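Everything in the sequence shown is counted per numbering that gives the first Met the number 0, starting at 0 for the first residue and increasing by one.
Don't be surprised by glycine CBs; every beta carbon is placed ideally from N, CA and C.
For clarity, every value in this text was computed on a predicted model and none was experimentally measured.
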Amino acid sequence: MSSMRNAVQRRPHRERAQPSSREKWGILEKHKDYTLRARDYNVKKAKLQRLREKARDRNPDEFAFGMMSEKSNRQGRHGARGSEAASKLSHEAIKLLKTQDAGYLRVVGEKVRRQLEGAEQEVRLQDGMSGVLQDGSGRKIVFANSLEEQRRLQIEKVEKMAEHSDEEEGEEGLEEGEASFREKQKKVQRSKKQIEAEERARKEMLAARRLKKRAAEARRKKVEALRLQHKELVAAAQELDRQRAKMENSVGGVNKFGIKWKIRERKK
0 MSSMRNAVQR RPHRERAQPS SREKWGILEK HKDYTLRARD YNVKKAKLQR
50 LREKARDRNP DEFAFGMMSE KSNRQGRHGA RGSEAASKLS HEAIKLLKTQ
100 DAGYLRVVGE KVRRQLEGAE QEVRLQDGMS GVLQDGSGRK IVFANSLEEQ
150 RRLQIEKVEK MAEHSDEEEG EEGLEEGEAS FREKQKKVQR SKKQIEAEER
200 ARKEMLAARR LKKRAAEARR KKVEALRLQH KELVAAAQEL DRQRAKMENS
250 VGGVNKFGIK WKIRERKK
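Written as structure tokens, this is what we have:
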């Protein structure tokens, strides 16, 4: 009978799927999933209860130095931090590693310092060139041997400036007349191609000015970034030097009570 019952084709077992409206929450939870989740929840609940009881019944006077220096393999780490590989190194090996780190920081700091000097020199050069191009007037310094010569030079300078201003006014009048005549001629004779060429040249000039401004801003930002990097490298190198000096007992420090102390040299 059992063989005949097994031979009959049965309806395949199909588990209920997650409804389409809840597909974003994942597959439908079955009873075995709920069992695992409930078991894990109960284990954690019991553990928290034991920890609460242990904290409630704790003796506040209980203390051991191992609480500060040792680590527990079961309940995580307690006390001082430090890797197992570093704890196996000797005192001299750690000092040697710090020396190598300090040498690397010095090399990188020197490289950044040279880059900073080059960037600052480039910024100063560009600022100086732009100032000269904008100013366009040179200076001549004349040193007088006496007070009388100084007064004479000042009088001559004032007279030359007055003559130059009169000449400029006359030339400006002539130039204005000529310029107005040329402008009228240009307005009459300018064609469509000339207008387009002038507009194109104006746009190119504005684009060149924008590029120049962006380049100057990029140079300034580069200088600021290099300054910050050099400052951080110098601070890191100084901190390493201080740590190595403390390991050699050549400098002071602060104890656990906040009192500063210093290694004193023996009197000779």
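Span separating the alpha-carbon of Ala-37 from that of Glu-28: 12 Å
Where Ala-118 falls, given that 16 or more other Cβ within 10 Å makes a residue buried: buried
is_contact[Leu-210, chain C] using C-beta, thresh 7 Å: Among the chains of the structure shown, chain C does not appear; only one protein chain is present.
Residue from Ala-200, Thr-98, Phe-142, Val-222 with nearest C-alpha to Asp-240: Thr-98
Enclosing alpha helix (DSSP H) for Glu-22 [first to last residue]: No alpha helix (DSSP H) holds Glu-22; DSSP gives it neither H nor E.
Whole-angstrom distance between Asn-144 and Glu-162, CA atom to CA atom: 26 Å
Alpha carbon of Leu-210 to alpha carbon of Met-160, nearest angstrom: 39 Å
Cβ pair Leu-225, Gln-114 closer than 7 Å: yes
Continuous alpha helix (DSSP H) stretch holding Asn-144: start and end: No alpha helix (DSSP H) contains Asn-144, which DSSP labels as neither H nor E.
Chain-order list of residues whose beta-carbon lies under 8 Å from that of Arg-73 (same chain, five-residue window excluded): Because Arg-73 sits at a pLDDT of 49, beneath the cut-off of 50, its placement in the model cannot be relied upon, and the following sentence gives the value as read from the coordinates. Taken in chain order, the list of residues that qualify is empty.
Length of the line joining the Cα atoms of His-30 and Ala-45: 22 Å
Check: Ala-6 C-beta below 6 Å from any heavy atom of the ligand SAH: With respect to the ligand SAH, the structure shown offers nothing to examine, as it has no ligands at all.
Pairwise C-alpha distance: Pro-11 and Lys-43: 39 Å
Which of helix, strand or coil DSSP assigns to Ser-1: helix
Exposure of Leu-104, with buried meaning 16 or more beta-carbon neighbours within 10 Å: buried
Assumed close pair Gln-228, Val-111 - CB separation to whole angstroms, cut-off 8 Å: 5 Å
Collapsed DSSP secondary structure at Asp-100 in the structure displayed: helix
Rounded distance between the beta-carbons of Gly-108 and Val-233, thought under 8 Å: 6 Å
Short Cβ contact (7 Å threshold) for Val-122 with Val-222: yes
Through-space distance from Glu-52 to Asp-60, alpha-carbon basis: 17 Å
Residue from Glu-14, Gln-242, Arg-219 whose Cα sits closest to the Cα of Asp-126: Arg-219
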